[in-house]
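The block underneath contains the structure these notes are about, expressed in structure tokens.
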Amino acid sequence: NRFVAARFSGYLRRIDDLIRLSPTTMRDANFGTIDVRGFETGVDLLRDGILGGGGTYIFEDAYSAEPGLGFDAIPNFPRHRVDVYLSSQWRHRVGGMVRFDWVTERVVQLALLPRYYVMELDLWARIWKTLRGSVRIDNLTNNAYQILPGLQALPTTVTATVEGSWP
């Protein structure tokens with residue numbers, strides 16, 4: 004209904020012949036069958052209201068019988084993710100959203116990267132009927148997390164845009 008929207012989806016798929024770095028030979032190898040499964044569930048409350056919010060939980064994993072891979076068959080594939088947001092808008096003229104994302108550990112280039120969280124803030128305002136200005140602040144809390152082994156995410160970044168639409 005217009006107050007609550009709930010969702011659930013799941014999947015199961017099989018990948019054949021994925022090429023990736025082998026943990027035993029340290030060379031690219033063609034792996035056999037990898038079974039991938041997952042589901043996503045979430046709820047949105049008063050999404051288009053003056054104050055709304057929601058959250059999503061995602062579980063996914065990938066399994067290979069290849070020695071050394073097990074449930075880490077696909078690189079940079081976290082098993083658990085949580086996304087929570089709080090939004091607000093007034094008369095479709097001004098609005099904003101703060102979002103919190105949490106990601107569990109994942110294996111990348113044979114290194115276990117630690118879990119992390121990141122927050123973002125989006126603000127927008129209608130300037131004229133056909134123009135809208137917005138500001139987005141990524142990594143709002145300046146969290147230093149790894150996106151690859153030895154590579155940190157960008158610090159807090161701000162992006163400002165003006166967008167237009169004409170019939």
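Per my numbering, the very first residue in the sequence shown carries number 4; after that it's consecutive.
Beta carbons: idealized from backbone N, C-alpha and C, even for Gly.
- It is roughly 6 angstroms from the alpha-carbon of T133 to the alpha-carbon of W169.
- When DSSP states are grouped into helix, strand and coil, M29 belongs to the coil group.
- By the criterion of a C-beta distance shorter than 7 angstroms, L143 is surrounded in its chain by M122, E123, L124, T159, once the five residues flanking it on both sides are discounted.
- The residue among Y14, S25, V101, A9 with its C-alpha nearest the C-alpha of Q112 is S25.
- Taking a contact as a CB-CB distance under 8 angstroms, the pair F62 and G41 counts as one, their CB atoms being some 6 angstroms apart.
- Pairing R50 with A9 gives a Cβ-Cβ distance that is not under 8 angstroms.
- For the pair D75 and M29, the Cα-to-Cα distance works out to about 15 angstroms.
- Apart from sequence neighbours up to five positions away, the residues of its chain that approach H95 with a beta-carbon distance below 8 angstroms are R129, ordered along the chain.
- Listed in chain order, the alpha helix (DSSP H) runs fully inside the segment 14-89 amount to none, counting runs of at least 4 residues.
- Per DSSP, F6 is not a residue of any beta strand (DSSP E), being assigned neither H nor E.
- In this structure, L116 is the residue among L116, Y60, I22 with its C-alpha nearest to the C-alpha of L154.
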